[in-house]
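Protein chains: 2
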Amino acid sequence: MISAEPYLKTQRVAQALGVSVSTIKRWVDSGMIQAARTVGKHRLIPFSEALRLAREQGFPEANLALLSGLASRPREQGDAGSPVDCLERLLREGKRTEARSFLQAYYRSGVGAVGLADDLIRPVMERIGHGWMVGSLDIYQEHEATETLTSGLRELVTRLGPGRPEGPLALGATTEGDPYVLPGLLGELVLLELGWRVRNLGINLPLRSLAVATLKHRPRLIFLSASYIRNEDEFVKEYRSFHESVAAVGAAVIVGGQALGPSLRSRLLFAGHGDRMAHLAEFARRFSPPAESPMLGDAGL
Amino acid sequence: MISAEPYLKTQRVAQALGVSVSTIKRWVDSGMIQAARTVGKHRLIPFSEALRLAREQGFPEANLALLSGLASRPREQGDAGSPVDCLERLLREGKRTEARSFLQAYYRSGVGAVGLADDLIRPVMERIGHGWMVGSLDIYQEHEATETLTSGLRELVTRLGPGRPEGPLALGATTEGDPYVLPGLLGELVLLELGWRVRNLGINLPLRSLAVATLKHRPRLIFLSASYIRNEDEFVKEYRSFHESVAAVGAAVIVGGQALGPSLRSRLLFAGHGDRMAHLAEFARRFSPPAESPMLGDAGL
DNA sequence: GATCGAATCGTCCAAATCGTCCATTCGATC
DNA sequence: GATCGAATGGACGATTTGGACGATTCGATC
Numbered sequence: 000m001i002s003a004e005p006y007l008k009t010q011r012v013a014q015a016l017g018v019s020v021s022t023i024k025r026w027v028d029s030g031m032i033q034a035a036r037t038v039g040k041h042r043l044i045p046f047s048e049a050l051r052l053a054r055e056q057g058f059p060e061a062n063l064a065l066l067s068g069l070a071s072r073p074r075e076q077g078d079a080g081s082p083v084d085c086l087e088r089l090l091r092e093g094k095r096t097e098a099r100s101f102l103q104a105y106y107r108s109g110v111g112a113v114g115l116a117d118d119l120i121r122p123v124m125e126r127i128g129h130g131w132m133v134g135s136l137d138i139y140q141e142h143e144a145t146e147t148l149t150s151g152l153r154e155l156v157t158r159l160g161p162g163r164p165e166g167p168l169a170l171g172a173t174t175e176g177d178p179y180v181l182p183g184l185l186g187e188l189v190l191l192e193l194g195w196r197v198r199n200l201g202i203n204l205p206l207r208s209l210a211v212a213t214l215k216h217r218p219r220l221i222f223l224s225a226s227y228i229r230n231e232d233e234f235v236k237e238y239r240s241f242h243e244s245v246a247a248v249g250a251a252v253i254v255g256g257q258a259l260g261p262s263l264r265s266r267l268l269f270a271g272h273g274d275r276m277a278h279l280a281e282f283a284r285r286f287s288p289p290a291e292s293p294m295l296g297d298a299g300l
Numbered sequence: 000m001i002s003a004e005p006y007l008k009t010q011r012v013a014q015a016l017g018v019s020v021s022t023i024k025r026w027v028d029s030g031m032i033q034a035a036r037t038v039g040k041h042r043l044i045p046f047s048e049a050l051r052l053a054r055e056q057g058f059p060e061a062n063l064a065l066l067s068g069l070a071s072r073p074r075e076q077g078d079a080g081s082p083v084d085c086l087e088r089l090l091r092e093g094k095r096t097e098a099r100s101f102l103q104a105y106y107r108s109g110v111g112a113v114g115l116a117d118d119l120i121r122p123v124m125e126r127i128g129h130g131w132m133v134g135s136l137d138i139y140q141e142h143e144a145t146e147t148l149t150s151g152l153r154e155l156v157t158r159l160g161p162g163r164p165e166g167p168l169a170l171g172a173t174t175e176g177d178p179y180v181l182p183g184l185l186g187e188l189v190l191l192e193l194g195w196r197v198r199n200l201g202i203n204l205p206l207r208s209l210a211v212a213t214l215k216h217r218p219r220l221i222f223l224s225a226s227y228i229r230n231e232d233e234f235v236k237e238y239r240s241f242h243e244s245v246a247a248v249g250a251a252v253i254v255g256g257q258a259l260g261p262s263l264r265s266r267l268l269f270a271g272h273g274d275r276m277a278h279l280a281e282f283a284r285r286f287s288p289p290a291e292s293p294m295l296g297d298a299g300l
């Protein structure tokens, strides 16, 4: 269960990040952490800010469990094996609540959205997909696994909040005919964690419509997931038209997904491509705080 | 009614501002917050005061709306008209956070899952769908609206929890080729509220696989939503095979969705049919022992 | 109108945070 | 090796906050 505690005090954040209270206070005062103040001048740090800082600064030993008020979970039954093994087992057995708890506990352990996506969810869903192919799993089990993960990820997305109001904007979408929600959700999570504002337009979106949204919202980044493409030639044609709108507003496109093999990619124009969320994160970092954030100027951390 | 209750109690404000109840009481007593009193000395804090405090503390307004589980908003902007009008406007304008808050506030106002589904979400989505048809809305806006509602509904589902362990089991699914997630989520919400355990197998599920799941989990009820059917004859054939499995475990099937017109329905065997969630609820009540409804209170967030 | 659980009341005190100052540490530079 | 600037961690009294307590009020239900 996700803690309902929305704001953290200095000591909590200090413990979580492994620094002193004084340092947290100084970081807040210098603007590195955006925090509100109580009438009595106490600092209130939004959960999302603490989490963003923890990931951005790359605290490997950050005890993110403290951020959520989550006591370190004792090893329960079923925790044997690697995290991937464990989650796969829970999903196969249809243990939704347990799977969701495990998912969120894993996230809290400090791996961040990228680790969650690339090291846990992706391999698990590959295995489940494989099990479905070879017949050891029924379709409904694959559906149920997706449903469970979707539910857990949406909870995390909601928890991370709408993003920083002044953060750069990213649009996310999945191509027409593509029914896979998980990549879009994971992308949203990754970018939220990096301080972006994200509008995830969901699955099965025609590129024409994504172009309209691009012109209207003028994002700095667009992440497009394509796990399935009905007609490649038609897709390429629509993509080129779409890319004109993108160029018009100066946005960057990063594409991903199994459907975009090398041959197809060679016919498209985009700023980045990646199979993993790590690629998306790396890419986004180059685009996120270059101009406006004074926080990186003083600290070469 | 959504627009009643112009005052907030101490606890609400405390949660919204991220401080304790004691602090709110002290602030009111010291005059920092102007508040009225009931005859029994309870503090009544005008929403505008809470809003002012939130601004002074430096929190974005959206946070306040989200965290206070807002049952009422000031009439400043946007709340004019019926709840349907209001939610439609928020969705059209892409105000996700506000729309989600509104959705949840509406639910908390006591209408229950059935009222939420039939009186708010269904008409709103009909309007949005209509706007898309006539071209006043782009596809991405329809997608975004669905995305927003999905997110809000999932949050409610998660909070209603996995259902009572001893409650009767229901399976939910949406037919193959049907991409609409909302009916399934609403059905899940309705049944959870009635004390059922629910396994929602999600969209785009072949009936063959639903049959397998039925044999394995042996539910008492199956709710099947069909907004789109590719091939009616094939569907009828598969449905009959599916219904054998259903009969084998003694489950009841209730079907719904636009795709199931009268002519098609006459060819199918089911225990119930309904266009509205009220039908599903009524039907489910007959199949489950009288259960107290675990309506979600204000303590959810 | 009577009843009952949940929320709030007022009051109290321990605990946490405030701002400030200073010693220490760590690189970079001279 | 010495020096300097920047960042950190800890200590100080003053202030603010959070939680506990029994009594009271609210609100929903019968």
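So the protein lines, in turn, are chains A and B.
At position 245 of the first sequence the residue is numbered 244 (numbering that gives the first Met the number 0), and the sequence of numbers has no breaks.
At position 127 of the second sequence the residue is numbered 126 (numbering that gives the first Met the number 0), and the sequence of numbers has no breaks.
The beta carbon of each residue, even a glycine, is placed where N, CA and C say it ideally should be.
Computed from a predicted structure; not experimentally measured.
Determine whether the beta carbon atoms of residue i and residue j lie at a separation below 9 Å.
{"i": "residue 185 (chain A)", "j": "residue 115 (chain A)", "result": "yes"}
{"i": "residue 172 (chain B)", "j": "residue 223 (chain B)", "result": "yes"}
{"i": "residue 168 (chain A)", "j": "residue 197 (chain A)", "result": "yes"}
{"i": "residue 45 (chain B)", "j": "residue 89 (chain B)", "result": "no"}
{"i": "residue 177 (chain B)", "j": "residue 202 (chain B)", "result": "yes"}
{"i": "residue 112 (chain B)", "j": "residue 192 (chain B)", "result": "yes"}
{"i": "residue 250 (chain B)", "j": "residue 219 (chain B)", "result": "yes"}
{"i": "residue 270 (chain B)", "j": "residue 240 (chain B)", "result": "no"}
{"i": "residue 95 (chain A)", "j": "residue 146 (chain A)", "result": "yes"}
{"i": "residue 206 (chain A)", "j": "residue 237 (chain A)", "result": "yes"}
{"i": "residue 126 (chain B)", "j": "residue 97 (chain B)", "result": "no"}
{"i": "residue 102 (chain B)", "j": "residue 159 (chain B)", "result": "no"}
{"i": "residue 252 (chain A)", "j": "residue 221 (chain A)", "result": "yes"}
Compare the Cα-Cα distances from residue i to each of the options and report the closest residue.
{"i": "residue 273 (chain B)", "options": "B:266, B:262, B:254, B:258", "result": "B:254"}
{"i": "residue 32 (chain B)", "options": "B:39, B:154, B:24", "result": "B:24"}
{"i": "residue 128 (chain B)", "options": "B:119, B:17, B:117, B:142", "result": "B:142"}
{"i": "residue 140 (chain A)", "options": "B:41, B:91, B:208, B:279", "result": "B:208"}
{"i": "residue 260 (chain B)", "options": "B:47, B:235, B:145", "result": "B:235"}
{"i": "residue 39 (chain A)", "options": "B:17, B:111, B:265", "result": "B:17"}
{"i": "residue 187 (chain B)", "options": "B:156, B:216, B:174", "result": "B:156"}
{"i": "residue 263 (chain A)", "options": "A:229, A:280, A:281", "result": "A:229"}
{"i": "residue 13 (chain B)", "options": "B:221, B:49, B:282, B:28", "result": "B:49"}
{"i": "residue 53 (chain A)", "options": "A:194, A:137, A:267", "result": "A:194"}
{"i": "residue 215 (chain A)", "options": "B:87, B:137, B:248", "result": "B:137"}
{"i": "residue 275 (chain B)", "options": "B:135, B:257, B:91", "result": "B:257"}
{"i": "residue 131 (chain A)", "options": "A:103, A:91, A:148", "result": "A:91"}
{"i": "residue 281 (chain B)", "options": "B:189, B:246, B:245", "result": "B:189"}
{"i": "residue 246 (chain B)", "options": "B:106, B:213, B:266", "result": "B:213"}
Return helix, strand or coil for residue i, following the three-state DSSP convention.
{"i": "residue 146 (chain B)", "result": "helix"}
{"i": "residue 221 (chain B)", "result": "strand"}
{"i": "residue 179 (chain B)", "result": "coil"}
{"i": "residue 37 (chain A)", "result": "coil"}
{"i": "residue 122 (chain B)", "result": "helix"}
{"i": "residue 198 (chain B)", "result": "strand"}
{"i": "residue 43 (chain B)", "result": "strand"}
{"i": "residue 253 (chain B)", "result": "strand"}
{"i": "residue 18 (chain A)", "result": "coil"}
{"i": "residue 268 (chain A)", "result": "coil"}
{"i": "residue 259 (chain A)", "result": "coil"}
{"i": "residue 136 (chain A)", "result": "coil"}
{"i": "residue 171 (chain A)", "result": "strand"}
{"i": "residue 193 (chain A)", "result": "coil"}
{"i": "residue 227 (chain A)", "result": "coil"}
Note to self: Please list, in chain order, the residues of the region 124–157 of chain B that have any C-beta partner in chain A closer than 7 Å.
What the structure shows: 137, 138, 139, 142, 143, 145, 146, 150, 153, 154, 157
Notebook entry, point to check: Of all the residues that make up the region 168–187 of chain A, which are near chain B by a beta-carbon distance shorter than 8 Å?
Noted result: 172, 178
Item checked: Interface positions of the region 4–20 of chain B facing chain A (Cβ-Cβ less than 7 Å), listed along the chain -> 17, 18
Next item on the list: Could you list the residues in the region 239–257 of chain B with a C-beta less than 9 Å from some C-beta on chain A, going in chain order?
Entry: none
Next item on the list: Give, in chain order, every residue of the region 102–121 of chain B whose Cβ lies closer than 9 Å to some Cβ of chain A.
Entry: none
Notebook entry, point to check: Of the residues that make up the region 42–54 of chain A, which ones have a beta carbon closer than 7 Å to any beta carbon in chain B?
Noted result: 43
Item checked: Positions along the region 209–220 of chain A whose CB lies within less than 7 Å of some CB in chain B -> 209, 211, 212
Next item on the list: Closer than 9 Å, Cβ to Cβ, to anything on chain B: give me those residues from the region 88–99 of chain A, in chain order.
Entry: 93, 95, 96, 99
Next item on the list: For the region 197–208 of chain A, enumerate the residues whose C-beta is nearer than 9 Å to any C-beta of chain B, in chain order.
Entry: 198, 199, 200, 201, 202, 203, 204, 205, 207, 208
Next item on the list: Compile a chain-ordered list of the residues in the region 225–240 of chain A whose CB is closer than 7 Å to at least one CB of chain B.
Entry: none
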